[in-house]
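*Asks:* Per our numbering, the very first residue in the sequence shown carries number 705; after that it's consecutive.
In this text, a Cβ means the ideal position worked out from N, Cα and C, and glycines have one as well.
Predicted, not measured: the structure shown is a model, and the values here were computed from it.
Handing you a structure now.
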Amino acid sequence: MDMKLLYPFAKRYIAGDDFESAQLTANELITNGFEFSFNYVGEYSKTIDEATAARNQYLEILNYYQNKKIDLSIKISQFGLLISPENCESLLQQIVEKAYNYGHTVRFDMEHSIITDKTLDLCLKLNQKYPETMGVALQARLFRTKDDMQELMNNNISVRLVKGAYIEKESIALKNYKDIQDNYLQLIELLGKGMNRRCAVATHDENILNDVLSKPDADRFDYEFIYGIRRDLQKSFKDQDHKVRIYLPYGDNWLPYAWRRLREFKNLTFVVRSIFKEWF
Numbered sequence: 705m706d707m708k709l710l711y712p713f714a715k716r717y718i719a720g721d722d723f724e725s726a727q728l729t730a731n732e733l734i735t736n737g738f739e740f741s742f743n744y745v746g747e748y749s750k751t752i753d754e755a756t757a758a759r760n761q762y763l764e765i766l767n768y769y770q771n772k773k774i775d776l777s778i779k780i781s782q783f784g785l786l787i788s789p790e791n792c793e794s795l796l797q798q799i800v801e802k803a804y805n806y807g808h809t810v811r812f813d814m815e816h817s818i819i820t821d822k823t824l825d826l827c828l829k830l831n832q833k834y835p836e837t838m839g840v841a842l843q844a845r846l847f848r849t850k851d852d853m854q855e856l857m858n859n860n861i862s863v864r865l866v867k868g869a870y871i872e873k874e875s876i877a878l879k880n881y882k883d884i885q886d887n888y889l890q891l892i893e894l895l896g897k898g899m900n901r902r903c904a905v906a907t908h909d910e911n912i913l914n915d916v917l918s919k920p921d922a923d924r925f926d927y928e929f930i931y932g933i934r935r936d937l938q939k940s941f942k943d944q945d946h947k948v949r950i951y952l953p954y955g956d957n958w959l960p961y962a963w964r965r966l967r968e969f970k971n972l973t974f975v976v977r978s979i980f981k982e983w984f
């Protein structure tokens, strides 16, 4: 597909194609009372140079916002995990160390299940050196997530719970919407009972959100939304004095990210419905 044809739809979800343009969006969010988590879009870097460039982008973000508490969302495959695991770890440590020194937080996004173990291992390792800095996203659709969540809570690592956007085999992941929804709510209940650090409910699913809000511990969670989706919900939660964080992607390598948002007709329907709900 021609990227020029897709971009008018994709730009709704992309804060800018470079850091300078993304700053404008981020600063507007700050002014309006939102928190945000920067993501320099990209994954599975094919060269060390690409991985190093990603490192440089995140260091630039940290330096620019050194006097404001921010959050980074990072895909570890972007740092050359499949090229050189050792170099990948070195690049990530440089970012996490600077974030730790500035009082920021870093969350590893959860990617395809082929690198779930490595993502969690690196998170746990870095958490030992830089306590209260690390967080990780977990996918409610994966069968393994309950055990992973317990291990993270035991190590005082913040969890961002998502439903999961990656296509996985039936042998390792739930497929039915109701099953995923039920598991999400069970996992949130587990988080509510066992978390020491603030964790995040990261979904636009109003059935899930309404259920969480009905619980007495609803204020213990942060609520995270993707930039460009259900801005009405974002504002509503903020106006109710909930802590709201916006997942804020930017960069010129936006196609894989945008494609996950628009990949299937089901998702396109969701996009149209989301826009309609914002208007009406």
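Counting pairs of beta carbons, one from the region 870-877 and one from the region 904-919, are three or more of them closer than 8 Å?
*Replies:* No, because fewer than three Cβ pairs between the region 870-877 and the region 904-919 fall closer than 8 Å, the two stretches do not touch.
*Asks:* At 3 residues or longer, what runs of the beta strand (DSSP E) sit wholly inside the region 772-813?
*Replies:* Here the runs fully enclosed are 775-778 and 809-812.
*Asks:* Using beta-carbon positions only, say whether R811 and G784 come within less than 7 Å of one another.
*Replies:* Taking 7 Å as the Cβ cut-off, R811 and G784 do not qualify as a contacting pair.
*Asks:* Just tell me which of K867, D775, L733 and P789 has its CA closest to the CA of A755.
*Replies:* Among K867, D775, L733 and P789, the Cα nearest to that of A755 belongs to P789.
*Asks:* For a test of the three-state rule: what should DSSP assign to R901, helix, strand or coil?
*Replies:* Reduced to three states, the DSSP call for R901 is coil.
*Asks:* Please state the DSSP three-state secondary structure of P953.
*Replies:* The answer is strand: DSSP assigns P953 an E or B state.
*Asks:* Assuming the contact rule is C-beta atoms closer than 8 Å, I818 and L796 should be a hit. Round their C-beta distance to whole Å, please.
*Replies:* Not really, about 18 Å apart at Cβ, beyond 8 Å.
*Asks:* Quick one: measure Cβ to Cβ for R845 and I884, integer angstroms, because I've assumed they're closer than 8 Å.
*Replies:* About 5 Å separates the two Cβ atoms, so the contact holds.
*Asks:* Output the distance between the C-alpha atoms of T849 and D926, rounded to the nearest integer angstrom.
*Replies:* Looking at the two C-alpha atoms, the distance is approximately 19 Å.
*Asks:* Is it buried or exposed for F740, if we count other Cβ within 10 angstroms and need 16 for buried?
*Replies:* The residue is buried, with at least 16 neighbouring Cβ atoms inside 10 Å.
*Asks:* So, under 8 Å CB-CB, E928 and A962 are touching, yes? Tell me the CB distance rounded to an integer number of Å.
*Replies:* E928 to A962, Cβ: 19 Å. No contact.
*Asks:* In chain order, what residues of the same chain lie with their CB nearer than 8 Å to the CB of D921, ignoring the 5 residues before and after it?
*Replies:* Answer for D921: G896, listed in chain order.
*Asks:* A841 and V800: beta carbons closer than 7 Å?
*Replies:* No, the Cβ-Cβ distance between A841 and V800 is not below 7 Å.
*Asks:* Touch check for the region 763-772 and the region 746-755: three-plus C-beta pairs under 8 Å?
*Replies:* Contact between the region 763-772 and the region 746-755 is absent, because fewer than three Cβ pairs lie under 8 Å.
*Asks:* Name the DSSP bridge partner or partners of L725?
*Replies:* Sequence inspection shows Ser at residue 725; the Leu mentioned does not correspond to that position. Beta-bridge pairing links S725 to no other residue.
*Asks:* Quick one: grab the DSSP three-state call for Q832.
*Replies:* Three-state result, Q832: helix.
*Asks:* Quick check for students: name the residue ranges of the beta strand (DSSP E) that lie wholly in the region 907-938, counting only runs of 3 or more.
*Replies:* The qualifying runs are 925-930.
*Asks:* From F969 to I787, what does the alpha carbon distance come to, in whole angstroms?
*Replies:* Residue confidence is low: F969 scores 42 on pLDDT, short of 50, so the model does not pin down where it sits. No coordinate-derived value is stated.
*Asks:* Between the C-alpha atoms of S918 and E893, what's the straight-line distance to the nearest angstrom?
*Replies:* Their Cα atoms are separated by approximately 12 Å.
*Asks:* Return helix, strand or coil for N759, following the three-state DSSP convention.
*Replies:* Looking at the sequence provided, one finds Arg at residue 759 rather than Asn. It is helical.
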